[in-house]
Amino acid sequence: MSAPAPRPPSVDSLLGPGGALEQALPAYEHRPEQLQMARAVERAFSEGSYLLAEAGTGTGKTLAYLVPALLSGRKVVVSTATKTLQDQVFFKDLPLLSEKLGLQFEAAYLKGRGNYLCLHRYESFEKDPQFVSRDEAKQWPLLRRWVTETETGDRAELDLPESFATWSRLSTTSETCLGSRCGQYETCFVTKMRKRAEAANLLVVNHHLFFADLALRSSGKRTEGVLPFYEAVVFDEAHALEDVASGHFGYSVSNYRLEELSRDAVAALPVKDERHATLAALAQRVRSHADALFLQAPRALGFSSQESTVALRPETMGKLSGALEQVREGLSALASFSGSEREAELAAIHRRAEEMVEQLTFLEKAESSEHVYWAEARGKGIFLRANPIDVAKELRDRLYGALDTVVFTSATLAADGRFDFFAKRMGMYDEEGQPVTRVRTLAVPSPFDFPRQSALYLPTHLPDPSAPGFIEAAAEEIIQLCEVTGGRAFVLFTSLRNMVRAYELTATRLPYQALLQGERPKAQLLESFRQTPSVLFAAHSFWEGVDVPGDALSLVIIDRLPFASPGDPLVAARIRQIQARGEEPFDQYQLPQAALALRQGFGRLIRTQADRGIVAMLDRRIVTKGYGRVFLSSLPPAKRMEDTTELSRWFNGPVRPVPPLRTVR
């Protein structure tokens, strides 16, 4: 009698109590929260539904979605917000599932085109290499040797400075790529990457690449993206999706973009070609008019020394109408000349010039009620932008109609215990409030013991954040709090101005290493923070996606509730749009968005079961205002305190033993 055929693996047999993962890893403890989420993801794949899954830190959510995705038999994209998580999924979690559990699959790791060497552009550059500095020129021999050895063309293989400007001359973007008409198409590193992706059943990407690819595919103009056909998507760190999607579904024209077009046009034909002189003259005309436009722009648009972004309105754009028209005329002439020729390089110049004419016209009119128009000054660059105010319709039109299964997961999706805010912003409900597809929700708590592991310090004696003297009083509080924990603190700010001012007031008085965001690359700051007891003053990018487990981080100080600035053009436009619908923007948008942001800041503290520390919120409004309840109910159940003496006793007192993770047998 033949033995029965082995049962195919399932979520329960792999992740359940006594399952394959627990048997393969002696130190692994089954987590009921992980299994609960995995079953929900499995159901989404089997029935074809959308799942919003909030999974607290420590639940093991990555394996909870990877296992059912791999068992589904479908081609799945896993998209993350940060490179750190992208690396973890591909280089740590997937090998674990393959080597320890014996799952058979093909996975591919994809980055944006700009990360890969473009052989066509490299050949052109090699003929006449020009560098912005001697330091960059010193990297050239290393880079040339690498080109002969690399199999992937991935810049990450090189130890190049982040600011290596020459790389932009050696790589390409979706705009500058020649596509299938390129003579190097078959040997192209991006082409090879895409072929690997076509053969894989799981693709690991980041949000920027995913939405850049989606915007390209759904534009109706060019269809060749980086990603192959896929059947389902898992968005990890899904709380970051709205802003990423908005950026890629909009328009942007900058002095950098026009300079690059002019430079590429000059290089499109060899100097000995009889057409080169005409092409170079047309390119120089575009460059000259662009220089004139962006020289006038700061004053005409109303930039000040304190503002890096300003709203664009028809009347302000009208001040630049003459300069804009000259740029358009120059672009049209360049497009006309290059469009009459056959070379792939010139066809690309033609397409790019025509697109910029169209986008400049759209930007100048600034009349679409569905877009917010704004300008941004960043370094030496000035960017004219138009972004959709609400990405809900864009997602329904571009993504949801093509997929029956999408999983959104993060440690922070629900505000005040509800998923409504995120679901509406992501377009899972139409204008009448009806679901556009089958949507399920799940919230699994973190297994961490927050009342034992964390304290939430809520002082009420500080001035209101908008009152004079707040930052000076906050600086004194920062010094006292750092004495409690011996430094080892993140001090997170909602504005760069307050960050710098607090650093100036405290850095020389702290007996610990004081670090300031922006002084060094992020990775170097974190490495230094981990090595020596430190106080890191940071904003924006340090609120999320930063993982410092262990004793190195014992204190997170937040200066004020993270309401998005109503002066930000995109935020202001969203507020106006909500008001136009007869709704209250504070309750519908500003408050839930800020509550989710605060949860992200809190989440920097407790990363493992052994971590222990303090989160201090210096904004008294969380206690004194009625809406503070929404913030407090959204945070983990930490022990609340208002007195630093009590706080010091708790932090320095005896620590109860760490209980084991809950295990189901």
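When you line the sequence shown up against UniProt numbering, it's residues 1 to 665, in that order. Ideal Cβ positions, reconstructed from N, Cα and C, are used throughout, including at glycine. The structure presented is a predicted model; accordingly, all values stated were derived computationally and were not measured.
Contact under 8 Å by Cβ, residue i with residue j
| i | j | result |
| --- | --- | --- |
| Val286 | Leu363 | no |
| Lys639 | Leu456 | yes |
| residue 713 | Leu605 | Since the first residue of the chain shown is 1 and the last is 665, residue 713 is not available in this structure. |
| Ala595 | Ala375 | no |
| Val444 | Val234 | no |
| Val327 | Ala290 | yes |
| Ala539 | Leu510 | no |
| Val548 | Gly487 | no |
| Met499 | Phe448 | no |
| Leu399 | Leu241 | no |
| Ser554 | Ile614 | yes |
| Val301 | Tyr373 | Just to set this straight, residue 301 is Leu in the shown sequence, not Val. Not a contact, by the Cβ cut-off of 8 Å. |
| Ala411 | Thr57 | yes |
| Arg620 | Thr460 | yes |
| Ala55 | Thr409 | yes |
Coil, strand or helix - residue i by DSSP
| i | result |
| --- | --- |
| His30 | coil |
| Ala277 | helix |
| Tyr512 | coil |
| residue 685 | This structure does not reach residue 685, given that the chain is present from 1 up to 665, and the question cannot be answered. |
| residue 667 | The chain is shown from 1 up to 665; residue 667 falls before or after that span and cannot be answered. |
| Leu618 | coil |
| Arg527 | One detail in the question is off: residue 527 reads as Glu in this sequence, not Arg. The answer is helix: DSSP assigns Glu527 an H, G or I state. |
| Thr80 | strand |
| Ala443 | strand |
| Phe450 | helix |
| residue 668 | Missing from the structure shown is residue 668; the chain here goes from 1 to 665 and no further. |
| Pro435 | strand |
| Leu101 | coil |
| Val234 | strand |
| Glu186 | coil |
| Arg649 | helix |
| Pro659 | A caution first: Pro659 carries a pLDDT of 46, below 50, which makes its placement in the model unreliable, though a value can still be read off. If DSSP states are grouped into helix, strand and coil, Pro659 belongs with coil. |
| Arg612 | coil |
| Arg352 | helix |
| Glu325 | helix |
| Ser13 | helix |
| Arg342 | coil |
| Leu403 | coil |
| Arg418 | strand |
Local Cβ density within 10 Å of residue i, reported as buried at 16 or more and exposed below that
| i | result |
| --- | --- |
| Thr645 | exposed |
| Asp559 | buried |
| Gln434 | exposed |
| Phe229 | exposed |
| Val226 | buried |
| Gln588 | buried |
| Asn206 | buried |
| Leu481 | buried |
| Leu295 | exposed |
| Ser340 | exposed |
| Arg385 | buried |
| Asp464 | exposed |
| Gly653 | exposed |
| Lys61 | buried |
| Pro636 | buried |
| residue 752 | Residue 752 lies beyond the range of the chain shown here (1 to 665); nothing can be said about it. |
| Arg181 | exposed |
| Thr663 | Any answer about Thr663 is weak, because its pLDDT of 36 lies below 50 and its placement is not dependable; what the coordinates show is given next. With fewer than 16 Cβ atoms within 10 Å of its Cβ, Thr663 is classed as exposed. |
Cβ-heavy atom distance, residue i to the ligand SAM, below 7 Å
| i | result |
| --- | --- |
| Glu315 | For the structure depicted, the ligand SAM is absent and the ligand set is empty, with no information on it obtainable. |
**Report entry** At least 3 beta-carbon pairs within less than 8 Å: the region 8 to 24 vs the region 372 to 386
**Finding:** Three or more Cβ pairs closer than 8 Å define a contact, and the region 8 to 24 falls short of that threshold against the region 372 to 386.
Query raised in the report: So, do the region 185 to 201 and the region 365 to 374 have three or more beta carbon pairs nearer to each other than 8 Å?
Result: Counting Cβ pairs under 8 Å, fewer than three are found: no touch.
**Report entry** Entirely enclosed beta strand (DSSP E) segments - the region 354 to 392, minimum 3 residues
**Finding:** The beta strand (DSSP E) runs lying completely inside the region 354 to 392 and spanning 3 residues or more are 371 to 378, 381 to 388, given in chain order.
Query - Cβ contact (3+ pairs, closer than 8 Å) linking the region 71 to 81 and the region 619 to 627 - result: Counting Cβ pairs under 8 Å, fewer than three are found: no touch.
Query raised in the report: Along the chain, which unbroken stretches of the beta strand (DSSP E) at least 3 residues long are found entirely within the region 249 to 319?
Result: List check, beta strand (DSSP E) in window: 251 to 254, 309 to 311.
**Report entry** alpha helix (DSSP H) segments (min. 4 residues) lying fully within the region 472 to 507
**Finding:** You should have 496 to 506.
Requested in this report: Run through the region 195 to 231 for me and flag every whole beta strand (DSSP E) of 3 or more residues, listed as ranges in chain order.
Outcome: Complete beta strand (DSSP E) runs here, min 3: 202 to 206.
Report task. Check whether the region 27 to 41 touches the region 391 to 404, counting contact only when three or more Cβ pairs, one atom from each stretch, lie closer than 8 Å. Result -> Taking a cut-off of 8 Å for Cβ pairs, the region 27 to 41 and the region 391 to 404 do not touch, as fewer than three such pairs fall below it.
Query raised in the report: Would you say the region 568 to 588 touches the region 506 to 525, given that touching needs at least three Cβ pairs under 8 Å?
Result: At 8 Å Cβ cutoff, the stretches do not touch.
**Report entry** At least three beta-carbon pairs within less than 8 Å, the region 423 to 442 to the region 464 to 479
**Finding:** Flag = no, the region 423 to 442 and the region 464 to 479 do not touch.
Requested in this report: Entirely within the region 528 to 600 and at least 3 residues each: give me those beta strand (DSSP E) ranges in chain order.
Outcome: For the region 528 to 600, whole beta strand (DSSP E) runs of length 3 or above, ordered along the chain, are 534 to 539, 555 to 558.
Query raised in the report: Is it true that the region 158 to 170 meets the region 103 to 110, where meeting means three or more beta-carbon pairs spaced less than 8 Å apart?
Result: The region 158 to 170 vs the region 103 to 110: no contact.
Query raised in the report: Residue ranges of each beta strand (DSSP E) run of no fewer than 3 residues wholly in the region 618 to 647, ordered along the chain?
Result: Runs of beta strand (DSSP E) with 3 or more residues, each lying fully within the region 618 to 647, are found at 639 to 641, listed in chain order.
Report task. For the region 77 to 96 and the region 197 to 217, state whether three or more C-beta atom pairs, one from each stretch, are separated by less than 8 Å. Result -> Here the region 77 to 96 makes contact with the region 197 to 217; the two share three or more CB pairs at distances below 8 Å.
Query raised in the report: Any chance the region 117 to 134 sits against the region 40 to 52, with 3 or more Cβ pairs inside 8 Å?
Result: Fewer than three Cβ pairs drawn from the region 117 to 134 and the region 40 to 52 lie within less than 8 Å of each other, which leaves the two stretches out of contact.
Requested in this report: Mind listing, in chain order, the continuous alpha helix (DSSP H) runs of no fewer than 4 residues lying wholly within the region 126 to 168?
Outcome: If you keep only unbroken alpha helix (DSSP H) runs of at least 4 residues inside the region 126 to 168, you get 134 to 137, 140 to 149.
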